[in-house]
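Only one structure is covered here, and it is reproduced in the block below.
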Amino acid sequence: MSASAREIAYRLAAARAVVDDAAALAMAMRPPPGGPTGTTKGMQDYLTEADGAVERLIAERMQTLFPDDGFMGEEGGTHRQGALTWVVDPIDGTSNYARGRDRWCVSLGLMDGDVPVAGVINAPALHETYVAQRGHGAFLNGKALKASTVTDARTAMVEMGWSPRVSAETYAKKVSSFMALGVMPRSGGSGALALADVASGRLDGYLEMVINLWDVAAALVLLEEAGAVASPFLRDGGLTGGATLLATAPGLADALSRAADVALD
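Add 6 to the 1-based position in the sequence shown for our numbering, that's all there is to it.
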């Protein structure tokens, strides 16, 4: 049985407060600018002390508040099963965070079975908090979000994420396909914030060939509520492992789908 809108709203309000505390902890632990601090799980895949500390804080608070809810964290310290499941990326954009940069966030999404129903993304160094509930809108610092109205690819800005799970040749091919449309490609190092940018209209599209549920659980609700178009990430394997995600402004959906060779339905 699905949770009611009231039950979800109650949890979302609690999640906002917990994520605020988690973001404050991450800020307090943030390394100074300079060479990267922390270890690597793989090429350009950083892990800092703060990742574990932030995830533990969120896991413990959510268990106290909602003991029957499930929990999934990127760092794997806590996993619980439940009809409603919290999915956390304690620091999305760790490569930026590890160098004292500002473009990173704490992301906490709520799934009702296999449906994303609420999410909070807090980017404390940017002083920005995104909040969304399915059927009730998406907001940035209290202001309603709407996806870009751009329809001409020659004025479009698209971000692409990269990881070692994607070959350099594949990445370069996608970049070239976008550039052939006149699109400006870029990469900012945080999938959750890139997707939030598509929801807010700051970007016209985001493509990542292999991305995980904890990176996108909160952002998927933002995208839906802001009127953006997204490929069927969950249907295509995102519930159980890495999968491709293309998110786009509605007026560019067909063009970006063809250029990326990623179906939107």
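Backbone N, C-alpha and C fix where the C-beta goes; we use that ideal spot for every residue, glycine too.
Measure how close the beta-carbons of residue i and residue j come, nearest whole angstrom, since I'm counting them as under 8 Å.
i, j, result
"residue 227", "residue 171", "That belief does not hold up - the Cβ atoms of residue 227 and residue 171 are roughly 25 Å apart, past 8 Å."
"residue 164", "residue 209", "7 Å"
"residue 31", "residue 63", "6 Å"
"residue 116", "residue 21", "7 Å"
"residue 125", "residue 225", "7 Å"
"residue 250", "residue 215", "5 Å"
"residue 221", "residue 98", "6 Å"
Going by Cα to Cα distance, which pick from the options is closest to residue i?
i, options, result
"residue 160", "180, 176 and 189", "189"
"residue 132", "58, 203, 10 and 236", "203"
"residue 223", "211, 201 and 208", "201"
"residue 152", "196, 116 and 256", "256"
"residue 96", "85, 61 and 126", "61"
"residue 267", "18, 126 and 183", "183"
"residue 89", "186, 110, 118 and 105", "118"
"residue 205", "234, 178 and 164", "234"
"residue 169", "148, 185, 197 and 145", "197"
"residue 58", "100, 73 and 19", "100"
"residue 219", "93, 193 and 146", "93"
"residue 181", "87, 79, 156 and 166", "166"
"residue 265", "56, 81, 106 and 176", "176"
"residue 26", "106, 78 and 113", "113"
"residue 262", "85, 157 and 239", "157"
"residue 69", "54, 17 and 55", "17"
"residue 40", "178, 107 and 199", "107"
Using the Cβ count rule (16 or more neighbours within 10 Å means buried), how would you classify residue i?
i, result
"residue 121", "exposed"
"residue 102", "buried"
"residue 237", "buried"
"residue 271", "exposed"
"residue 38", "exposed"
"residue 245", "exposed"
"residue 149", "exposed"
"residue 130", "buried"
"residue 195", "buried"
"residue 105", "buried"
"residue 259", "buried"
"residue 28", "buried"
"residue 54", "buried"
Which class does residue i belong to by DSSP, given the choice of helix, strand or coil?
i, result
"residue 138", "strand"
"residue 149", "strand"
"residue 96", "strand"
"residue 228", "helix"
"residue 91", "strand"
"residue 128", "strand"
"residue 165", "strand"
"residue 143", "coil"
"residue 86", "strand"
"residue 76", "strand"
"residue 58", "helix"
"residue 8", "coil"
"residue 156", "coil"
"residue 108", "coil"
"residue 120", "coil"
Beta strand (DSSP E) segments (min. 3 residues) lying fully within the region 230 to 271: 249 to 254
Segments of 4+ residues assigned as alpha helix (DSSP H) that fall wholly inside the region 166 to 216: 174 to 186 and 197 to 206
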